[in-house]
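Student: One structure, pasted below without further comment.
In our numbering, the protein residues as written are 529 to 1084.
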């Protein structure tokens, strides 16, 4: 008989999607959570601000949760933390820089005082019940990234976090390849490894390449330079600072997230900038254009970010003039391409020189995620018995499985899971037969999880076909129509052009109500139901549109 407990591994976000990463390793009664991210909605989710994981399972098992371990500080790994903590206040473990970014979020949500934050590094070891946790350094497009090893009685489980193998990292944070090999030597039962670039052949280029191209663009620029990148990419920001130093330019920061992250990075020693180099936005126009560089947010085409406002001339202190140089030092996340193209067009029409794209001649961006050779190297170092590809859409996970099999992971030992699928391991046998609740929780304004399918369907209907409100006043005693029907429409038809249609609508409603009165039908809901049905059929026949119909009955 086995005395060992049950080991379970599952994702609550991050598989079959890009974003909202959240993974769980459970050994008997100890639950450890890895990351708690968010993702942005697509156009179909009207009015939704953010999507975070559904944590029903964790709420039901809150007494077993020991910690939230955070691999690094990107939004798709920390964006859900404030919402999570409002429901489950548990200790958080993260590196120095990651904690700085988490603290920013928590102070915005007024949660900082009540949260237990613990700083760790790649040498830390932690113990939770029967599970020991250790870490190893990885390289990515943000400082202080970790992979995590869970030493359980059943065997070792490794989560890589986001990584690439950059052998010439800008910040000297080298991937700890020796430690990874050592972990592999001890034996890895299960490897969870990210799959973002599983479709791209070769090795990920080094961040160093970007630095050379940025410097070259700064040298060639005739007037001011505007460069946009992810605020969290501190290595890239340092290279912009270095290029500005070399070309004797002062640096201005535009965009709240850029200023916040910049401050955290300088205060914690991740960013070196000479005294007196930073200027305020209102000082930009007081200097000669060739003495200015501007670092701003908005590389993804966000309409309210600094870059979009610069492109339309709506930024109070800064004008873009002919021969200014605009650099996009980030590639568009899938789904944002159209917004980015629109902004590039606007800059061109202002006469600016625009450098964008990640072609070899203009390389202003390299990925922070490993290509196929990086992924194969990780698999080779870890030599896992079982493999769970994570962090990617289905085709990426599928491609990663093929890579794993090409370097010796046994066929049938890779689990491509969906959010909520549980991989259970007992006596070295892994099976996937059960599920836990998983899905999307929508954040809309201050509401979290209060918007469901019905509300979104209504929003979709309103956005596509508009609405029509019909108001009728009935006499309480005689049950006759005293006034109305009055019709109000929004987003359906223009009233002045549709007088006949609306007259017919009123006529139809009057007849429907009178017929029901004659049949002695008094219930409001039945009257409303009938009005909706008759009116819906009539309007669709006339206009081929299905507006939302809201009958309002007033009794006097």
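Quick reminder that beta carbons are idealized off the backbone N, C-alpha and C, glycines included.
Do you know whose CA, among 1052, 1071, 1039, 1037, lies nearest residue 1021's CA?
Tutor: The sequence position of residue 1021 within the chain shown is 493, counting from 1. It is 1071 whose Cα lies nearest to the Cα of residue 1021.
Student: For my contact list, residue 751 and residue 851 are in at a C-beta cut-off of 8 Å; report their separation, rounded to the angstrom.
Tutor: What you label residue 751 is simply residue 223 of the chain shown in a count that begins at 1. What you label residue 851 is simply residue 323 of the chain shown in a count that begins at 1. Indeed, because the Cβ distance is near 5 Å, the residues count as touching under 8 Å.
Student: Going along the chain, which residues of its own chain have a beta-carbon closer than 8 Å to the beta-carbon of residue 548, five neighbours each way excluded?
Tutor: Taking the first residue of the chain shown as 1, we reach residue 548 at position 20. So the qualifying residues of the chain are 541, 542, 565, 566, 567, 579, 580, 581, 604, 607, 608, 968.
Student: Can you give the beta carbon distance from residue 1000 to residue 1081, rounded, assuming they're within the 8 Å contact cut?
Tutor: Here residue 1000 refers to the residue found at position 472 of the chain shown. Here residue 1081 refers to the residue found at position 553 of the chain shown. Right, the Cβ-Cβ distance comes to about 6 Å (below 8 Å), so this counts as a contact.
Student: Could you check where the beta strand (DSSP E) with residue 882 kicks off and where it finishes?
Tutor: Against the chain shown, residue 882 aligns to sequence position 354. Here the beta strand (DSSP E) through residue 882 covers 881–883.
Student: Between the Cα of residue 766 and the Cα atoms of 789, 783, 747, which residue gives the shortest distance?
Tutor: To locate residue 766, count along the chain shown from 1; it is residue 238. It is 789.
Student: In angstroms, rounded to a whole number, what distance separates the CA positions of residue 879 and residue 762?
Tutor: Within the chain shown, residue 879 is the residue found at index 351, counting from 1. Within the chain shown, residue 762 is the residue found at index 234, counting from 1. Those two C-alpha atoms are separated by around 30 Å.
Student: What is the DSSP secondary structure of residue 808, counted as helix, strand or coil?
Tutor: Reading the chain shown from its first residue, position 280 is the one you call residue 808. Looking at residue 808 - three-state DSSP - the assignment turns out to be coil, as it is neither helix nor strand.
Student: Output yes or no for whether 8 Å exceeds the beta carbon distance between residue 672 and residue 600.
Tutor: Position 144 of the chain shown, counting from 1, holds the residue named residue 672. Position 72 of the chain shown, counting from 1, holds the residue named residue 600. Cβ distance < 8 Å, so residue 672 and residue 600 count as in contact.
Student: Would you report the Cα separation of residue 530 and residue 955, rounded to the nearest angstrom?
Tutor: One-based indexing of the chain shown puts residue 530 at position 2. One-based indexing of the chain shown puts residue 955 at position 427. Its pLDDT being 48, under 50, residue 530 is placed unreliably by the model, and nothing is read from it.
Student: Taking 8 Å as the threshold (C-beta atoms), are residue 964 and residue 538 in contact?
Tutor: Residue mapping note: residue 538 aligns to position 10 of the chain shown, counting from 1. Residue mapping note: residue 964 aligns to position 436 of the chain shown, counting from 1. Yes, Cβ-Cβ distance for residue 538 and residue 964 is below 8 Å.
Student: Taking Cβ to Cβ, would you say residue 821 is nearer than 8 Å to residue 772?
Tutor: As a working note, residue 821 is residue 293 in the chain shown. As a working note, residue 772 is residue 244 in the chain shown. Yes, these two residues count as a Cβ contact at 8 Å.
Student: Could you tell me if residue 866 is buried or exposed, where buried requires 16 or more neighbouring beta carbons within 10 angstroms of its beta carbon?
Tutor: By one-based count along the chain shown, residue 866 stands at place 338. It is exposed - the Cβ of residue 866 has fewer than 16 other Cβ atoms within 10 Å.
Student: Below 8 Å between beta carbons: does that hold for residue 912 and residue 994?
Tutor: Here residue 912 is taken as the residue at index 384 of the chain shown, counted from 1. Here residue 994 is taken as the residue at index 466 of the chain shown, counted from 1. Not a contact, by the Cβ cut-off of 8 Å.
Student: Starting from the Cα of residue 834, find the closest Cα among 755, 861, 891 and give me that residue.
Tutor: Residue mapping note: residue 834 aligns to position 306 of the chain shown, counting from 1. When only C-alpha atoms are compared, the closest one is 755.
Student: CB residue 629 to CB residue 916, shorter than 8 Å?
Tutor: For this step, residue 629 is matched to residue 101 along the chain shown. For this step, residue 916 is matched to residue 388 along the chain shown. In this structure, residue 916 does not lie closer than 8 Å to residue 629 by Cβ.
Student: How is residue 733 classed by DSSP in three states: helix, strand or coil?
Tutor: Here residue 733 refers to the residue found at position 205 of the chain shown. Of the three classes helix, strand and coil, the one that applies to residue 733 here is coil, per DSSP.
Student: If we ignore side chains and look at the alpha-carbon of each, how far apart do residue 928 and residue 569 end up?
Tutor: For the purposes of this step, residue 928 is taken as residue 400 along the chain shown, with counting starting at 1. For the purposes of this step, residue 569 is taken as residue 41 along the chain shown, with counting starting at 1. Rounded to the nearest angstrom, the two C-alpha atoms are 26 Å apart.
Student: Does the beta-carbon of residue 934 have 16 or more other beta-carbons within 10 angstroms, so that it is buried, or is it exposed?
Tutor: For the purposes of this step, residue 934 is taken as residue 406 along the chain shown, with counting starting at 1. Exposed is the call here.
Student: Please say whether residue 730 and residue 930 have beta carbons closer to each other than 8 Å?
Tutor: If you number the chain shown from 1, residue 930 lands on position 402. If you number the chain shown from 1, residue 730 lands on position 202. Contact flag unset, no.
Student: Does residue 483 come out as helix, strand or coil in the three-state DSSP assignment?
Tutor: Absent from the structure is residue 483, since the part of the chain shown begins at 529 and ends at 1084.
Student: For the beta strand (DSSP E) holding residue 621, just list the boundary residues, first then last.
Tutor: Taking the chain shown and counting its residues from 1, the one referred to as residue 621 is at position 93. Residues 620–622.
Student: Out of curiosity, what's the CA-to-CA distance linking residue 881 and residue 825?
Tutor: In the chain shown, the residue the question calls residue 881 occupies position 353. In the chain shown, the residue the question calls residue 825 occupies position 297. Whole-angstrom Cα-Cα distance: 18 Å.
Student: Taking DSSP as the reference, what is the three-state secondary structure of residue 892?
Tutor: Along the chain shown, one-based indexing puts residue 892 at 364. Here residue 892 sits in coil by DSSP.
Student: Using a Cβ-Cβ cut-off of 6 Å (strictly less than) and excluding sequence neighbours within five positions of residue 557, which residues of its own chain qualify?
Tutor: Reading the chain shown from its first residue, position 29 is the one you call residue 557. So the list reads 592, once near-sequence residues are dropped.
Student: Helix or strand or just coil, what does DSSP make of residue 542?
Tutor: Along the chain shown, read from residue 1 onward, the residue named residue 542 stands at position 14. Coil, per DSSP.
Student: Grab the span of the alpha helix (DSSP H) containing residue 706 for me, first residue to last.
Tutor: Locating residue 706 in the chain shown gives position 178, counting from the first residue. Residue 706 -> alpha helix (DSSP H) spans 705–714.
Student: Under the assumption that residue 692 contacts residue 563 (Cβ atoms under 8 Å), give the Cβ distance between them as a whole number of angstroms.
Tutor: As a first step, residue 692 must be located in the chain shown, where it is residue number 164. As a first step, residue 563 must be located in the chain shown, where it is residue number 35. 18 Å between Cβ atoms; not a contact.
Student: Report all residues from its chain with a CB closer than 6 Å to the CB of residue 1012; omit the five preceding and five following residues, and keep chain order.
Tutor: For the purposes of this step, residue 1012 is taken as residue 484 along the chain shown, with counting starting at 1. Closer than 6 Å at Cβ, skipping near neighbours: 999, 1000, 1001.
Student: From the DSSP output, in three-state form, read off residue 837 for me.
Tutor: As a first step, residue 837 must be located in the chain shown, where it is residue number 309. Helix at residue 837.
Student: If I measure Cβ to Cβ from residue 847 and keep anything under 7 Å in the same chain, skipping five residues before and after, which residues do I get?
Tutor: Position 319 of the chain shown, counted from the start, is the residue given in the question as residue 847. Excluding positions up to five away in sequence, the list reads 841.
Student: Residue 791 and residue 813: beta carbons closer than 8 Å?
Tutor: Locating residue 791 in the chain shown gives position 263, counting from the first residue. Locating residue 813 in the chain shown gives position 285, counting from the first residue. No. Outside cutoff.
Student: Can you tell me whether residue 1082 sits near the ligand FMN, meaning its C-beta is under 7 Å from at least one heavy atom of the ligand?
Tutor: What this structure holds is no ligand at all, so the ligand FMN is not there to describe.
Student: As an exercise, report each continuous beta strand (DSSP E) stretch of at least 3 residues that is fully enclosed by the segment 648–702, in chain order.
Tutor: With a minimum length of 3 residues, the continuous beta strand (DSSP E) runs that stay inside the segment 648–702 are 653–656, 659–666, 673–680, 683–687.
Student: Thinking C-beta only, is residue 894 closer than 8 Å to residue 735?
Tutor: Mapped onto the chain shown, residue 735 falls at position 207. Mapped onto the chain shown, residue 894 falls at position 366. Cβ distance < 8 Å, so residue 735 and residue 894 count as in contact.
Student: Can you check the segment 752–813 for any alpha helix (DSSP H) of at least 4 residues that lies completely inside it and give the ranges in chain order?
Tutor: Segments of the alpha helix (DSSP H) lying fully in the segment 752–813: 762–774, 784–795.
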